[in-house]
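A.B. asks: First the structure, then my questions, so here it is.
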Amino acid sequence: MANQIPEEVIEEIRKANDIVDVIGEYVQLKKQGRNFFGLCPFHGEKTPSFSVTQEKQIFHCFGCGKGGNVVTFLMEMESFSFYEALKFLSERSGIDLPDSGVKHETSMSLENQNILSAYEWLTKLYHHLLRFTKDGKEGYSYFKDRGVMDESIDEFQLGFAPNVKDFTAEFLVKKGFHQQLLIKAGLVTLKDDNSVTDRFRGRVIFPIRNHLGKTVAFGARSITDQGPKYLNSSETELFQKGKLLFNFDLAKRYIRKESEAVLFEGYMDVISAYQAGVKNVVATMGTALTESQAKLLKRYVDTVILCYDGDRAGLEATYKAANLLRSVGCIVKIAKLNEDMDPDSFIKENGAEAFQNEVIKASDTFISFYMRFMKQDYNLSVEGDRINYIATILNQLAMIDSPVEREYYVKELSNEFDFSMDTLTDEIQTIRQKKGIHKDKREKNRYTNKTARFIQNKKLLPAFHNAERKLISYMLQDAYITDKVQTEIGAGFNLDEHKIIATYLYAYYEEGHPADVSLFIEKLTDERVKHLVIEIAMNPLHNDISDKEIDDYIKIIHAENGDKHSIKTLQEQSKLAEQQNDPIKAAQILKQIIEIQKQMKNTN
Numbered sequence: 001m002a003n004q005i006p007e008e009v010i011e012e013i014r015k016a017n018d019i020v021d022v023i024g025e026y027v028q029l030k031k032q033g034r035n036f037f038g039l040c041p042f043h044g045e046k047t048p049s050f051s052v053t054q055e056k057q058i059f060h061c062f063g064c065g066k067g068g069n070v071v072t073f074l075m076e077m078e079s080f081s082f083y084e085a086l087k088f089l090s091e092r093s094g095i096d097l098p099d100s101g102v103k104h105e106t107s108m109s110l111e112n113q114n115i116l117s118a119y120e121w122l123t124k125l126y127h128h129l130l131r132f133t134k135d136g137k138e139g140y141s142y143f144k145d146r147g148v149m150d151e152s153i154d155e156f157q158l159g160f161a162p163n164v165k166d167f168t169a170e171f172l173v174k175k176g177f178h179q180q181l182l183i184k185a186g187l188v189t190l191k192d193d194n195s196v197t198d199r200f201r202g203r204v205i206f207p208i209r210n211h212l213g214k215t216v217a218f219g220a221r222s223i224t225d226q227g228p229k230y231l232n233s234s235e236t237e238l239f240q241k242g243k244l245l246f247n248f249d250l251a252k253r254y255i256r257k258e259s260e261a262v263l264f265e266g267y268m269d270v271i272s273a274y275q276a277g278v279k280n281v282v283a284t285m286g287t288a289l290t291e292s293q294a295k296l297l298k299r300y301v302d303t304v305i306l307c308y309d310g311d312r313a314g315l316e317a318t319y320k321a322a323n324l325l326r327s328v329g330c331i332v333k334i335a336k337l338n339e340d341m342d343p344d345s346f347i348k349e350n351g352a353e354a355f356q357n358e359v360i361k362a363s364d365t366f367i368s369f370y371m372r373f374m375k376q377d378y379n380l381s382v383e384g385d386r387i388n389y390i391a392t393i394l395n396q397l398a399m400i401d402s403p404v405e406r407e408y409y410v411k412e413l414s415n416e417f418d419f420s421m422d423t424l425t426d427e428i429q430t431i432r433q434k435k436g437i438h439k440d441k442r443e444k445n446r447y448t449n450k451t452a453r454f455i456q457n458k459k460l461l462p463a464f465h466n467a468e469r470k471l472i473s474y475m476l477q478d479a480y481i482t483d484k485v486q487t488e489i490g491a492g493f494n495l496d497e498h499k500i501i502a503t504y505l506y507a508y509y510e511e512g513h514p515a516d517v518s519l520f521i522e523k524l525t526d527e528r529v530k531h532l533v534i535e536i537a538m539n540p541l542h543n544d545i546s547d548k549e550i551d552d553y554i555k556i557i558h559a560e561n562g563d564k565h566s567i568k569t570l571q572e573q574s575k576l577a578e579q580q581n582d583p584i585k586a587a588q589i590l591k592q593i594i595e596i597q598k599q600m601k602n603t604n
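Residues in the sequence shown are numbered consecutively from 1, following UniProt numbering.
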């Protein structure tokens, strides 16, 4: 595939898309030394083992072993073909990708391509009807009455499905879509008499987009007495509501910018907050937060603000969501809303500035919320309930590692219930001892070099093995060193995989390519060799390596080669001596072999 697109175009696209920026759209990266670290998006982990190097434009996970450049990352992350990844990057950077002679490979099934196309057509149609026709006036009036501005209607591509039984089916069939596909996509409903009806007729439409901005489903709200009040598309391979978050595609850049996400329960809450200038906002889709959604948020951000309704049901949902988010490692805050308020109604009554300052910025910590939430279950005018409530809170406080944070909340309890600080603190220490709670020092240093060293130093390798790896890592970034190694070692590396890499490198430089690891791995077809090159390339190197250091590595490799050759020769001589019935000579040769092996062991 790659050779059908001019190499200079591929190189231009790759260089225009910095790997840290692209991966940063999927993973929260934090710089440590020269590299960036984050949680691997390819396997579950709580301690970052995923490393990205800007200098070499490659990534590598020390946990699962995946690695590559910006193109292979997208191929792995999005299940893109090479062409799709390149097209995505070309559009992202504004570079034209030539069409002539290029087969437009796609990893997506034809059925899913058609479903996406059907949703794209309907999104445009429903939006046009809402904004510019009499047929959509009813829906337009609903949004205007809810305070939604035209700019937001356009940005969210809100729409209206006319209350006509077969409107959608007729429109899409005329566009060439098969009725069976429309049923499977959840756009029309099959009746008992084998006729179809528009699933969303007479409802306002909220397009649900995936993280790439493609509409994969609709959320629809009834604006009459028609039930149910909210209706989603049926689930498909493209749309699983427990894995997507509404507005995530628009919000993710603001989430990165603010270093926190605000999570709502409803579409209108998101739209109202977005209009109010709070744009790092997403929502679940009529269901409780799932572990998959929580992990998605954690990949992008550490802190999540929960902004659910202020009534009892909203508080219960907040508590469950908070515990789930905390279990995947998020810091959780809870926005303050009165019992009779939801985010949308608060903004309407109090305005955008009040929402930002009095609700979002004034968010409670989880512990403050927990203390308030648990009071609902106790009658604090009764002595027994007060004691049980305090015991419940102390159990939660015992889970906090920070002594300062613990003391802050202990002081609140002490003031409210007239217990001494010492008594409450002693009880917490007893609970911590019983539960065996200790600080996880490795988690504390999760973005430090200590973590990286812990991951990388899995086992000690022989001296010649390390020498070969070091030499290859320098060869990957310097054609001059590669020339020197080719002259003095050639394919004489001791390990077969190192011989293969060196051979590829000699050919790569002879073709006139620059010292560029990202480009080099693109030309490798063997996945095992490619992953080993990435692993070697991630090793830290000196910028100003001396010729003496290179010579030392070469000597170690030669010595290993020489000793192995000597042992093989001596073994053959020993075998011959035994055949000639000369045990004394055989014993002398064996003694030489043992001596060489001892020297090799000491060297390694």
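Note that CB positions come from ideal geometry on N, CA and C, so glycine has one too.
Mind checking residue 226: buried by the 16 CB within 10 Å criterion, or exposed?
C.D. replies: For the purposes of this step, residue 226 is taken as residue 226 along the sequence shown, with counting starting at 1. The residue is exposed, with fewer than 16 neighbouring Cβ atoms inside 10 Å.
A.B. asks: Please name the residue, chosen from 292, 302 and 247, that lies closest to residue 279 on a Cα-to-Cα basis.
C.D. replies: On the sequence shown, residue 279 is found 279 positions in, with the first residue counted as 1. It is 247 whose Cα lies nearest to the Cα of residue 279.
A.B. asks: How many whole angstroms separate the CB atoms of residue 30 and residue 38, which I take to be in contact at a CB cut-off of 8 Å?
C.D. replies: Position 30 of the sequence shown, counted from the start, is the residue given in the question as residue 30. Position 38 of the sequence shown, counted from the start, is the residue given in the question as residue 38. Residue 30 to residue 38, Cβ: 7 Å. Contact.
A.B. asks: By DSSP's criteria, residue 53 is part of a beta bridge. Which residues make up the other side?
C.D. replies: One-based indexing of the sequence shown puts residue 53 at position 53. Paired residue(s): 35 and 58.
A.B. asks: Can you check which of these residues, 282, 195, 242 and 221, is closest to residue 249 by C-alpha distance?
C.D. replies: Here the question's residue 249 lines up with position 249 in the sequence shown. Answer by Cα proximity: 282.
A.B. asks: For residue 473, which three-state DSSP category applies?
C.D. replies: Position 473 of the sequence shown, counted from the start, is the residue given in the question as residue 473. Helix at residue 473.
A.B. asks: Considering only the beta carbon of each residue, do residue 200 and residue 161 sit closer than 7 Å?
C.D. replies: Mapped onto the sequence shown, residue 200 falls at position 200. Mapped onto the sequence shown, residue 161 falls at position 161. Yes; because the gap between Cβ atoms is below 7 Å, this pair is in contact.
A.B. asks: Less than 7 Å between the C-beta atoms of residue 307 and residue 264, yes or no?
C.D. replies: Stepping through the sequence shown from its first residue, residue 307 is reached at position 307. Stepping through the sequence shown from its first residue, residue 264 is reached at position 264. Against a cut-off of 7 Å, the Cβ pair of residue 264 and residue 307 comes out as a contact.
A.B. asks: What is the rounded straight-line gap between the Cα of residue 447 and the Cα of residue 6?
C.D. replies: Indexing the sequence shown from 1 puts residue 447 at position 447. Indexing the sequence shown from 1 puts residue 6 at position 6. Here residue 447 scores only 49 on pLDDT, less than 50, and its place in the model should not be relied on; the value that follows carries that caveat. Straight-line Cα distance between these residues: approximately 39 Å.
A.B. asks: How about residue 515 and residue 486: do their beta carbons lie closer than 7 Å?
C.D. replies: Taking the first residue of the sequence shown as 1, we reach residue 515 at position 515. Taking the first residue of the sequence shown as 1, we reach residue 486 at position 486. Not in contact: residue 515 and residue 486 (Cβ atoms no closer than 7 Å).
A.B. asks: Does DSSP classify residue 156 as helix, strand or coil?
C.D. replies: Locating residue 156 in the sequence shown gives position 156, where the first residue counts as 1. Residue 156: coil per DSSP, three-state reduction.
A.B. asks: Quick one: residues in its chain with C-beta nearer than 7 Å to the C-beta of residue 508, no 5 flanking neighbours on either side, listed in chain order?
C.D. replies: Start at 1 with the first residue of the sequence shown, and residue 508 comes out as number 508. Within the same chain, residue 508 has close Cβ partners 520 and 523.
A.B. asks: Suppose only complete runs of 3+ residues qualify. What are the beta strand (DSSP E) ranges in the stretch 519-585, listed by chain order?
C.D. replies: The stretch 519-585 contains no whole beta strand (DSSP E) run of 3 or more residues.
A.B. asks: Can you give me the C-alpha to C-alpha distance between residue 17 and residue 55, rounded to a whole angstrom?
C.D. replies: As a first step, residue 17 must be located in the sequence shown, where it is residue number 17. As a first step, residue 55 must be located in the sequence shown, where it is residue number 55. For residue 17 and residue 55, the distance between alpha carbons rounds to 13 Å.
A.B. asks: Apart from the five residues on each side of it in sequence, which residues of its chain come closer than 7 Å, Cβ to Cβ, to residue 394?
C.D. replies: Counting from 1 along the sequence shown, the entry for residue 394 is found at position 394. Cβ neighbours of residue 394 beyond the five flanking positions: 424, 427, 428 and 431.
A.B. asks: According to DSSP, residue 365 sits in a beta bridge with which residue or residues?
C.D. replies: Translated into the one-based positions of the sequence shown, residue 365 becomes position 365. Partner(s): 333.
A.B. asks: Does the Cβ-Cβ distance between residue 41 and residue 253 come in under 7 Å?
C.D. replies: As a first step, residue 41 is located in the sequence shown; it is residue number 41 there, counting from the start. As a first step, residue 253 is located in the sequence shown; it is residue number 253 there, counting from the start. Their beta carbons are not under 7 Å apart, which means residue 41 does not touch residue 253 by this criterion.
A.B. asks: Quick one: what does DSSP say residue 139 is sitting in, helix, strand or coil?
C.D. replies: Locating residue 139 in the sequence shown gives position 139, counting from the first residue. Correct three-state label for residue 139: helix.
A.B. asks: Three-state secondary structure (DSSP) at residue 441?
C.D. replies: Working through the sequence shown from its first residue, we reach residue 441 at position 441. In this predicted model, residue 441 has a pLDDT of only 43, less than 50, meaning its place in the structure is not dependable; the value taken from the coordinates is given anyway. In the structure shown, residue 441 sits in a helix (DSSP, three-state: H, G or I).
A.B. asks: What distance in whole Å lies between the Cβ atoms of residue 70 and residue 22, which are believed to be in contact at a cut-off of 8 Å?
C.D. replies: Within the sequence shown, residue 22 is the residue found at index 22, counting from 1. Within the sequence shown, residue 70 is the residue found at index 70, counting from 1. Yes, they are in contact, since the Cβ atoms of residue 22 and residue 70 sit about 5 Å apart, within 8 Å.
A.B. asks: Please list, in chain order, all residues of the same chain as residue 385 whose beta carbon is under 6 Å from its beta carbon, the five residues on each side excluded.
C.D. replies: Residue numbering aside, residue 385 sits at position 385 when the sequence shown is read from its first letter. Closer than 6 Å at Cβ, skipping near neighbours: 378 and 379.
A.B. asks: Between 159, 44 and 79, which lies nearest to residue 64 when the distance is taken from Cα to Cα?
C.D. replies: The residue you call residue 64 lines up with position 64 of the sequence shown. Minimum Cα distance to residue 64 is reached at 44.
A.B. asks: Please tell me whether residue 116 and residue 214 are closer than 7 Å, where the distance is taken between their beta carbons.
C.D. replies: Walking along the sequence shown from the start, residue 116 turns up at place 116. Walking along the sequence shown from the start, residue 214 turns up at place 214. In contact: residue 116 and residue 214 (Cβ atoms closer than 7 Å).
A.B. asks: Consult DSSP for residue 210 and reduce its assignment to one of helix, strand or coil.
C.D. replies: Reading the sequence shown from its first residue, position 210 is the one you call residue 210. Three-state result, residue 210: coil.
A.B. asks: Using the C-alpha atoms, what's the distance from residue 207 back to residue 289?
C.D. replies: On the sequence shown, position 289 is the one that residue 289 refers to. On the sequence shown, position 207 is the one that residue 207 refers to. C-alpha separation (whole angstroms): 20 Å.
A.B. asks: In terms of residue numbering, what span does the beta strand (DSSP E) encompassing residue 260 cover?
C.D. replies: Locating residue 260 in the sequence shown gives position 260, where the first residue counts as 1. First-last of the beta strand (DSSP E) with residue 260: 260-264.
A.B. asks: Can you tell me whether residue 200 is helix, strand or coil according to DSSP?
C.D. replies: Taking the sequence shown and counting its residues from 1, one reaches residue 200 at position 200. Residue 200 falls in the coil class under three-state DSSP.
A.B. asks: Note the first and the last residue of the continuous alpha helix (DSSP H) segment covering residue 89.
C.D. replies: In the sequence shown, the residue the question calls residue 89 occupies position 89. 82-93 is the extent of the alpha helix (DSSP H) around residue 89.
A.B. asks: Would you kindly work out how many angstroms separate the C-alpha atoms of residue 190 and residue 244, rounded to a whole number?
C.D. replies: For the purposes of this step, residue 190 is identified with residue 190 of the sequence shown, where counting begins at 1. For the purposes of this step, residue 244 is identified with residue 244 of the sequence shown, where counting begins at 1. The alpha-carbon atoms of residue 190 and residue 244 are separated by roughly 26 Å.
A.B. asks: Please determine, among 173, 436, 346 and 285, the residue with the shortest C-alpha to C-alpha distance to residue 220.
C.D. replies: Taking the sequence shown and counting its residues from 1, the one referred to as residue 220 is at position 220. Here the closest residue by C-alpha is 285.
A.B. asks: Do you know how far the Cα of residue 126 is from the Cα of residue 664?
C.D. replies: The chain is shown only over 1 to 604; residue 664 falls outside these bounds and no answer can be derived.
A.B. asks: Would you list the residues sitting across from residue 189 in a DSSP beta bridge?
C.D. replies: On the sequence shown, position 189 is the one that residue 189 refers to. Paired residues: 197.
A.B. asks: Quick check on the burial criterion: 16 or more other C-beta atoms within 10 angstroms. Buried or exposed for residue 204?
C.D. replies: As a working mapping, residue 204 is identified with position 204 in the sequence shown. Result: buried.
A.B. asks: Please list the terminal residues of the continuous alpha helix (DSSP H) segment that includes residue 384.
C.D. replies: On the sequence shown, position 384 is the one that residue 384 refers to. 383-397 is the span of the alpha helix (DSSP H), which, as asked, contains residue 384.
A.B. asks: Can you have a look at residue 480 and say buried or exposed, based on whether 16 or more other CB atoms are within 10 angstroms of its CB?
C.D. replies: As a position in the sequence shown, residue 480 is number 480, starting the count at 1. By the neighbour-count rule (16 or more Cβ atoms within 10 Å), residue 480 is not buried but exposed.
A.B. asks: Excluding the five sequence neighbours on either side, which residues of its own chain have a C-beta within less than 6 Å of the C-beta of residue 333, listed in chain order?
C.D. replies: Position 333 of the sequence shown holds residue 333. Contacts found: 305 and 363.
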